[in-house]
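Under mature numbering (1 follows the signal peptide of the UniProt record, and there is no 0), read the sequence shown as residues -20 to -1, 1 to 103, first letter to last.
Structure record follows, encoded as structure tokens.
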Amino acid sequence: MNSILIFVVTLAAVLHGALSLRCYSCKPEYASNCHYSYQQSVVQCGPRQDTCWKFTGNTTSNGIIYIGQETRMCAVKADLIRWSPGTLYANSCNTVYNIRSTDGQFFRGQICLCDRQDLCNYA
């Protein structure tokens, strides 16, 4: 009985990894600003993360403005849409003005969301 349970748990883990969304993300050493392919890596998204996103524009963090930022990562679509109701939509690129993230950053530029398609946030 224990061997069957172990098999089922292992199979579920393998299937989850195979079915989870994969996105491009900035490598840790480039923080959240990665313009070039060597600054990015492919990551396996978490179980709740259902969209890949790409942001291009300016950010403000702790009163400092960062010009010409570009970032990519996995995200929870509902969280992003909650940041800026009525301006972000699934599977589209949208111009945003001064939306505030959960960590206190402000974004002004273009955010593209692409759902359920691996590695769709490169271009």
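Cβ coordinates follow ideal geometry from the N, Cα and C atoms, glycine included.
Straight-line gap, residue i to residue j (C-alpha atoms, nearest Å)
i, j, result
"Ala58", "Gln97", "17 Å"
"residue 146", "Tyr69", "This structure cannot speak to residue 146, because the chain is shown only from -20 to 103."
"residue 159", "Arg52", "Given that the chain is displayed from residue -20 to residue 103, the structure contains no residue 159 and the question cannot be resolved."
"Ile44", "Cys14", "18 Å"
"Leu99", "Gly66", "25 Å"
"Val(-12)", "Val76", "A caution first: Val(-12) carries a pLDDT of 35, below 50, which makes its placement in the model too unreliable to give a value."
"Cys73", "Val23", "21 Å"
"Asn71", "Arg80", "21 Å"
Check: residue i C-beta below 7 Å from any heavy atom of the ligand ATP
i, result
"Gln85", "As far as ligands go, the structure on display features none, and thus does not contain the ligand ATP."
Cβ-Cβ distance between residue i and residue j below 8 Å
i, j, result
"Cys92", "Asn78", "no"
"Gly48", "Gln90", "no"
"Gly26", "Cys6", "no"
Beta bridge counterpart(s) of residue i as assigned by DSSP
i, result
"Ser41", "Ile44"
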